[in-house]
Amino acid sequence: KYETRVEENRVNVEILRVSVVDLDEPGSPGSMAVYEIIRGNDDRSFEITTDKTTNEGILCVVKGLDYESAKQRILVIAVNNEAPYMLAPYSQQLSQSTSSVTVHVLDVDEGPVFKPCHLRIDVKECEDIGTSIGRYLAEDPETGNSEGICYRIPPGQCNWISIDEKSGEVRTVKVLDRDLPEMRRGQCNITVLAIDRNGKTGTGTIQVVIQPGNKNYPRITKTEYIMCRDRKPICLTAQDDDQTPYSTPFVYRITDRSLASMWKITRHNDNSVYLSPKGDIPFGIYSIPISVMDNGGKAGENYVRINVCDCVTPTECSETRERQQGNVTLGLWAILAMILGSLLLLLILITICGCCGSGVMHRHVTDDCANHNLIISNTEAPGEEVMDHNIIPLQNTNDQGGYGIKTGDQQTFEMVKGRGHTLESVKGGGQQTLGSVKEGGGQPMMDTCRYSYSEWHNFTHPRLGEKVHLCRQDEEQKHSEDYLLSYNYEGKGSLAGSVGCCSDQHEEEALDFLDQLEPKFRTLAETCVKR
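Right, here's the structure in full:
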């Protein structure tokens, strides 16, 4: 017989060693002991093993003992060898060796214990906030009552319920909903703490199971239909997101009295009905209000739109409707195109007005405007230096106009064609100037040298040609001595061509062509710089 002691609630602790004597050879299978508990261990709170070195049995507690439920435990231990017994013929049967062990459980101050440790509470869906759904109490193992115990729910859990600190009453703090992601299969586990006067704690679990409620009303899944001349009944089907018993069967009813006299509802099954006209009704579109009530008494109104069309098949009416919608869409695009076209036209008009305003500006030419048309050039005749030439307008001293070529300090020649044809505006009567020619023979223009290049060219070219002709007829060639010079042969022309093309410009843009002479002008400029 053995006796031992152990504190309650202790686990995986050695409480006793049992020794045996075997006369067989030590260390052989015939001497190695095998222990087992054959009585008093129904709850599997104890376990015994063999020490291979000493051949002793080691008794351990593997499940916590409760002093309040049993102050001591009595165990019966039996022992055998690893190898079976070998008996001689006609020898006496050996009996199994056993031993009894009394285990005394020592009382320890424990924390509160919930009874039961796992409580399930069923709650209806959509219960009002603050509804009491149950109580969860813990007891002090030493006293056997719940006095002096307070309750608390640790943070970090689904905050659907609260527990009263003193009474342990459980209430809802939110409207419970099965469809929320926090609820797994409509339930939520919440850990609750119980604390006694000494600060000892115990834990329990509340499993809140939300029972399906009637929070949704039935809705008709399809609400637009086409009915042709055959007046074939339409099948209406409703759907409710609630579960039994708050879903089917559904009850359908037409809420509008005037439409109820034209249409009728025929039951098909628990969630479907047939809708058909009572007689021959006119073609057109009907919007029918239909109330659908579920098995829990919750009803909702749905509007069914039926197009009673003069067709054989619904597709004919659908194609007509699509064409009508297409025309409406085209009309909208046409309006947008008209608006954009108007804006574009307005922008073009503004641009044209701006260009015309800038085009009517006159080009101002200085008093020596001839300098920009008759380019200054030195002579290339061998052994003779010629002064620069400038073409300047001559003021009239008598009744004739003149145009002079300046050589040296004197005006040596006067170009005259007719009477009173001068480039400059001349005071006096009866004289015609280039300005008067430009204005069509009217009043003379007093703005000197404000003419375009083409006007200057048209005025001077025939007069210069006439003077050249007069020089040819002069036998003494007095006139030609001043401006007809002889030149030697200089070889082939430049690859850049002649720069004389500058005088053939006929555009109404003054001298802007001088900015675009490359590469011809660069060739001439390089020649002048080298010289």
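For reference, each letter of the sequence shown is one residue, going 1 to 531 in the UniProt record's numbering. Heads up, the beta-carbon is just placed ideally off N, CA and C, and yes, glycines get one too. Note that the coordinates shown come from a computational prediction; the quantities given were computed from them, not determined experimentally.
Compute the distance between the beta-carbons of Gly213 and Glu125, then report whether it is under 8 Å.
Yes, Cβ-Cβ distance for Gly213 and Glu125 is below 8 Å.
Keeping to the same chain, check which residues put their C-beta closer than 7 Å to that of Arg5; ignore five residues upstream and five downstream.
Closer than 7 Å at Cβ, skipping near neighbours: His104 and Leu106.
Bridge partners of Ser100, per DSSP?
Partner(s): Val76.
On the criterion of 16 or more Cβ atoms from any shown chain inside 10 Å, does Ser19 qualify as buried, or is it exposed?
Flag for Ser19 reads exposed.
If we call anything under 8 Å between Cβ atoms a contact, is Leu193 one with Arg152?
Yes, these two residues count as a Cβ contact at 8 Å.
Classify Ile288 as buried or exposed, calling it buried when 16 or more other Cβ atoms lie within 10 Å of its own Cβ.
Looking at its Cβ environment, which holds 16 or more other Cβ atoms inside 10 Å, Ile288 is buried.
Within 10 angstroms of its Cβ, does Glu414 collect 16 or more other Cβ (buried), or is it exposed?
Residue placement at Glu414 is poorly supported in this model, since its pLDDT is 38, which falls under 50; the coordinates are not used for a value here.
Which residue or residues does DSSP assign as beta-bridge partners of Arg135?
Arg135 pairs with Glu169.
How should Glu3 be labelled, buried or exposed, when 16 other C-beta atoms within 10 angstroms of its C-beta is the threshold for buried?
Label assigned to Glu3: exposed.
Please confirm whether Val113 and Glu139 have their CB atoms less than 8 Å apart.
In contact: Val113 and Glu139 (Cβ atoms closer than 8 Å).
Are any of the Cβ atoms in chain B nearer than 8 Å to that of Lys264?
No chain B is present in this structure, which holds just one protein chain.
Is there contact between the region 271–279 and the region 244–257, where contact requires at least three CB pairs shorter than 8 Å?
Result yes; three or more Cβ-Cβ pairs closer than 8 Å.
Keeping to the same chain, check which residues put their C-beta closer than 7 Å to that of Glu507; ignore five residues upstream and five downstream.
Note that Glu507 scores a pLDDT of 47, beneath 50, so its modelled location is shaky; the value from the coordinates is reported in the next line. Contacts found: none.
Evaluate Asp196 with the Cβ neighbour count: other Cβ atoms within 10 Å of its Cβ, from every protein chain shown; 16 or more gives buried, anything less gives exposed.
By the neighbour-count rule (16 or more Cβ atoms within 10 Å), Asp196 is buried.
For Cys311 and Asp256, what's the separation of their Cα atoms in angstroms?
The alpha-carbon atoms of Cys311 and Asp256 are separated by roughly 27 Å.
Is it the case that the Cβ atoms of Gly130 and Thr191 are separated by a distance below 8 Å?
It is not a contact, given that the beta carbons lie outside the stated cut-off.
If I measure Cβ to Cβ from Pro29 and keep anything under 6 Å in the same chain, skipping five residues before and after, which residues do I get?
Glu82 and Ala83, listed in sequence order.
When we look at the beta-carbon of Ser45 and count the other beta-carbons within 10 Å, is it buried (16 or more) or exposed?
Label assigned to Ser45: buried.
Can you tell me whether Arg229 is helix, strand or coil according to DSSP?
Looking at Arg229 - three-state DSSP - the assignment turns out to be coil, as it is neither helix nor strand.
Drop a sphere of 10 angstroms on the beta-carbon of Gln154, count the other beta-carbons inside from all chains shown, and report buried for 16 or more, exposed for fewer.
What sits at residue 154 in the sequence shown is Pro, not Gln. Result: exposed.
When you compare the CB positions of Val101 and Leu59, do they come within less than 8 Å of one another, or not?
Contact flag set, yes.
How would you write the range of the alpha helix (DSSP H) that Ala260 sits in, first residue to last?
Residues Arg257 to Ala260.
Taking just the CA atoms, how far does Ser99 sit from Asp24?
Answer to the nearest angstrom: the Cα atoms are 21 Å apart.
Contact defined as beta carbons within less than 8 Å: I believe Val79 pairs with Val13. What is the distance between those atoms, to the nearest angstrom?
Not really, about 22 Å apart at Cβ, beyond 8 Å.
Between the Cα of Lys115 and the Cα atoms of Cys309, Arg135, Thr527 and Gln187, which residue gives the shortest distance?
Checking every option, the nearest Cα to that of Lys115 belongs to Arg135.
Go ahead and pull the three-state DSSP assignment for Pro289.
Of the three classes helix, strand and coil, the one that applies to Pro289 here is strand, per DSSP.
Do Ala33 and Thr49 have their CB atoms nearer than 8 Å?
Their beta carbons are not under 8 Å apart, which means Ala33 does not touch Thr49 by this criterion.
In angstroms with no decimal places, state the Cα-to-Cα distance between Glu439 and Glu455.
With a pLDDT of only 45 at Glu439, under the threshold of 50, the placement of this residue in the model should not be trusted; the figure read from the coordinates follows. Roughly 12 Å between the two C-alpha positions.
What residues in its chain sit with their C-beta under 6 Å from that of Ile220, if we drop five residues either side in the sequence?
Taken in chain order, the residues that qualify are Leu236, Ala238 and Asn302.
How big is the Cα-Cα spacing for Thr223 and Ala299?
Whole-angstrom Cα-Cα distance: 17 Å.
Looking at the secondary structure, which residues open and close the beta strand (DSSP E) in which Asp24 lies?
No beta strand (DSSP E) contains Asp24, which DSSP labels as neither H nor E.
In the DSSP output, what is Phe46 paired with across the bridge?
According to DSSP, which records beta bridges pairwise, Phe46 is partnered with Val61.
Enumerated in chain order, which unbroken segments of the beta strand (DSSP E) with a length of 3 residues or greater are wholly contained in the UniProt domain "Cadherin" (115–220)?
With a minimum length of 3 residues, the continuous beta strand (DSSP E) runs that stay inside the UniProt domain "Cadherin" (115–220) are 118–124, 132–135, 150–152, 161–163, 169–172, 187–195 and 201–211.
Note down, in chain order, each residue of its chain lying with its Cβ closer than 6 Å to the Cβ of Arg178, except the 5 sequence neighbours on either side.
The residues are Glu125, Gly186 and Ile210.
Please report the distance separating the alpha-carbon of Met183 from that of Asn216.
Rounded to whole angstroms, Met183 to Asn216 spans 18 Å at the Cα level.
Have a look at the DSSP bridge pairing and note the partners of Lys264.
Per DSSP, Ser276.
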